[in-house]
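Same order as they appear, the protein sequences are chains B and R. Under the working numbering, the first residue of the first sequence carries the number 150, and numbering increases by one thereafter. Under the working numbering, the first residue of the second sequence carries the number 674, and numbering increases by one thereafter.
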Amino acid sequence: MPLLLVVAFIWLPTLACVALSFTRWDGIGGLADIQWVGLRNYEDLFVGQPAFGRALHNNVAWLLVLVLLATPLGILFAVLLDRRLRGSAFYQSALYMPVVLSLALVGFIWQLQYSPEQGFINNLLGTNRQDNLIDWLGNRDINIWAVLVAAGWRHVGYITLIYLAGLRSVDPTLREAAAIDGAGEWQAFRRVTWPVMRPINVVIVVVTVIEALRAFDIVYVINRGQNGLELLSVLVANSILAEAGRIGYGSAVATVLLTMSLVPILLYMRRAFRQDAA
Amino acid sequence: MAPSAEDLPGGLTRRQFLGGVAGTAGLLAVGGLAACSGPGATGTAPPALTLGSNYSDDVPRRAMQAVVDRFSELTDVPVVVNTVAPQAFQDRISAYLQGTPDDVFTWFGGQRMRFFADQGLAGDVSGVWSSIAAHHTEAARQASTASDGNQYLVPFITYPWVMIYRQSVWREMGYEQPATLDELVVLAERMRADGLVPLAFGNREGWPAMGTFDILNLRLNGHDFHLALLEGREQWTDKRVRRVFETWRDLLPYHQAGALGRTWQEAARSMIAGEAGMIYLATFAGEQASEEERDDLRLFHFPLLGTPYDDELALDAPINGFMLSPRPAQPGAARAFLEFVGGPEAQGIFVAQNPNRIAVATDADTSGYTSFQRQMAQVIGEAGRLAQFFDRDTRPDFAGANGMQGLLGDFLHEPDLELGPYLQRIQDFWDSLG
């Protein structure tokens, strides 16, 4: 029975989306109005409007920044906090505060910081005059990175939260034993804590990949994902939830996003099955 | 749009004094209503008319409520208003119209109306037009007419895209309104020397730049070419389109830097605060001003460019109005409501409460207009040809965020790009929508 629900609510829409990606339909009229156009929508991804290429680039950049910077930083903070520093409650509250906020809200907050003349950042840097203005959200050479700072601001706290919970569950005697055996701080972490934390590490990787692929709200509130802030998810939304839907085109983008999501999912599943078998 | 800052005159006319006005109901063609009141009607109110409205900001929402209250007062028909934020309303419009739409709903003129009317998603209101035609110009009728020659929109309010400035600032600096492009450039140079940003500009949302494209194309190539281009009857690779971007490119240095990261509200505020000398924007810029500041705002037509089309003195004056559900539950009441809002009284009530819009009806009561509204009416009255706005004069999927908004962003990001391949990309995009 639960299996039927999964099929009905997840696999059927997914397959319908793939099927729609080979059609042309503006969302008006019944199924009879749908035209089959073969690979046309996939060809159109590369025609005229370069939004798709930029979206692909930005999604990859998002993934890399989270994997290489934000997530390791979150792990580092968790390890530091685990040592029960003085004022740990203060640091923790600061790190967790952004996690409570939705990404849309994070977008609103950072928009105010990045605003050209009135924003905090340009006023702090003194770059709010016409001749030296830094256009954080409008200059497409830098705006995706500015947004990634905002997204990372929240992601770091999120990872810290999960990782710290994991660290707290590691048996402290393990590390004591390592210390008695003469292991340094770094060695104890690498040889003892890290292997014990393996299940949590997998969760962290999965969470990071999911966060990168589902990124949407923050750029949507800033400018509906245009002018350098294109993301695949926004491209899907702008194509399908619009006055005149481009359902086929949007479905083609969604299919690309699906294919990208399948890679980490399949890797994870293969691993999980192999462990089960072992 | 951002919440408006205006202080409004207090108490609305609610329907407390309903009793005495039953007689005036005869003014409206409510004959059909008797039939709707259903069996066993023993003086009970007729069933409610439903209105889908995207007037969600505080000021317009209250103004709309005042109009609705007056209608109920006159006809005794209760109206249920379902208000949705504009962006959500627009994004969901096609699902809304294919579901069970309200009897009447707010929408826009031009292609944006035609797109839905031509697919049978809206009701024909030619009948309503036969009784409201006397209140409207030919331009308003055209903006309300779909491809089959019938009307599908009842026009309500409008506003012009114009040059706007602070009179007190200009007086102090001794600036004069430029009538031609050369005069504009001279003035802009002077403003810059005086430490002002000549032209405030914010295009974070993607659509404000469409206003600049429109006026340059209207001035350089004329109203007919402009509409033909936006309707796909002319090519984007045409050398006339190229001239628009070349002219724009020459003007960009006088625009505020960093426009792609600035909202139109921030740009309007920098003009109102006296940091920028002027702005080319629709008069909803006035929403960012206090009442006192708004009285200081002055408007003028975008300068002439020395082409044969100068005489047209064209501008964008988008019309917002009402459309009818293809299957209204209360057809009689819906028709009475549309006749009411298409006429001078309802429009007068609305614009008295919302000082950044004016009535479309030519005989609406303008005695209560603020100086800002009087100027809006004057500028539109002087214009020879009216366009709606880029995203209302073309197909919706072409104008969208990942369509032309993004493509105009490409030009603003890199004004020196090769125009040939750029215009070809726009044409390819149009063709891909097929």
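The C-beta atom is built at its ideal place from N, Cα and C for all residues, glycine as well.
- Within a 10 Å sphere around the beta-carbon of W285 (chain B) sit 16 or more other beta-carbons, which makes this residue buried.
- Taking R289 (chain B) as the centre and dropping the five residues before and after it, the same chain places the C-beta of N376, G377 closer than 6 Å to its C-beta, in chain order.
- Taking 8 Å as the threshold, the shortest C-beta distance from A790 (chain R) to chain B does not fall below it.
- Residue contact with chain B for E919 (chain R): absent (no Cβ-Cβ distance below 8 Å to any residue of chain B).
- The three-state reading of DSSP puts S998 (chain R) in coil, since its state is none of H, G, I, E or B.
- Excluding five sequence positions before and after A1025 (chain R), the CB atoms of its chain that fall closer than 6 Å to its own CB belong to G1041, given in chain order.
- If you keep only unbroken alpha helix (DSSP H) runs of at least 4 residues inside the segment 951-1015 of chain R, you get 964-968, 1004-1014.
- Within the segment 873-887 of chain R, those residues whose Cβ lies closer than 7 Å to any Cβ of chain B are, in chain order, R877, E878, G879.
- Contact fails between the segment 979-997 of chain R and the segment 856-868 of chain R, because fewer than three Cβ pairs, one in each stretch, are under 8 Å apart.
- Just measuring C-alpha positions, the residue of R:A1019, R:M1049, R:A1009 sitting nearest P1028 (chain R) is R:M1049.
- The shortest CA-to-CA distance from A200 (chain B) to any of B:R278, B:R423, B:V383, B:Q424 is the one to B:V383.
- Not a single C-beta of chain R is nearer than 8 Å to the C-beta of L362 (chain B).
- Contact between the segment 202-211 of chain B and the segment 334-352 of chain B is not established, with fewer than three Cβ pairs separated by less than 8 Å.
- By the criterion of a C-beta distance shorter than 8 Å, L1085 (chain R) is surrounded in its chain by N876, A882, L925, A932, L933, once the five residues flanking it on both sides are discounted.
- Look at R289 (chain B): its C-beta is under 8 Å from a C-beta on chain R.
- The three-state reading of DSSP puts M150 (chain B) in coil, since its state is none of H, G, I, E or B.
- Taking 8 Å as the upper bound for CB-CB distance, D1104 (chain R) and Y1095 (chain R) are not in contact here, some 15 Å apart.
- If you ignore the 5 residues before and after R785 (chain R), its C-beta comes within less than 6 Å of the C-beta of R1065, all in its own chain and listed in chain order.
- By the C-beta density criterion, Q1051 (chain R) is exposed, having fewer than 16 other C-beta atoms within 10 angstroms.
- For W1103 (chain R), the uninterrupted alpha helix (DSSP H) run begins and ends at 1092-1106, by DSSP.
- Cα atoms of A901 (chain R) and T920 (chain R): separation of roughly 20 Å, rounded to the nearest angstrom.
- If only uninterrupted alpha helix (DSSP H) runs of at least 4 residues are considered, those enclosed by the segment 888-930 of chain R are 912-924.
- Minimum Cα-Cα distance from W802 (chain R) among the listed residues R:E1087, R:D911, R:L1011 corresponds to R:L1011.
- With contacts defined by Cβ atoms closer than 8 Å, V186 (chain B) and G397 (chain B) form a contacting pair.
- The criterion of a C-beta distance shorter than 8 Å is satisfied by D968 (chain R) and F1045 (chain R).
- About 6 Å separates the beta carbon of M846 (chain R) from that of D867 (chain R), a gap short enough to meet the 8 Å contact definition.
- The segment 317-341 of chain B contains no complete beta strand (DSSP E) run of 3 or more residues.
- For the pair G287 (chain B) and R942 (chain R), the CB atoms are not nearer than the 8 Å cut-off.
- Taking 8 Å as the cut-off, the beta carbon of Q1061 (chain R) is found no closer than this to the beta carbon of G879 (chain R).
- Close CB contacts of E1091 (chain R) within its chain, under the 6 Å cut and outside five residues either way in sequence, are absent.
- In this structure, A1006 (chain R) sits away from V740 (chain R), with a CB-CB distance that is not shorter than 8 Å.
- N281 (chain B) sits in coil when the DSSP states are folded into three classes, being neither helix nor strand.
- For the pair V754 (chain R) and S745 (chain R), the CB atoms are not nearer than the 8 Å cut-off.
- Short of 6 Å from the beta carbon of G176 (chain B), and not among the five residues preceding or following it, lie these beta carbons of its own chain, in chain order: G394, I396.
- For P828 (chain R), the enclosing beta strand (DSSP E) stretches over residues 827-831.
- For a Cβ distance threshold of 9 Å, nothing in chain R lies close to Q184 (chain B): the least Cβ distance comes to about 10 Å.
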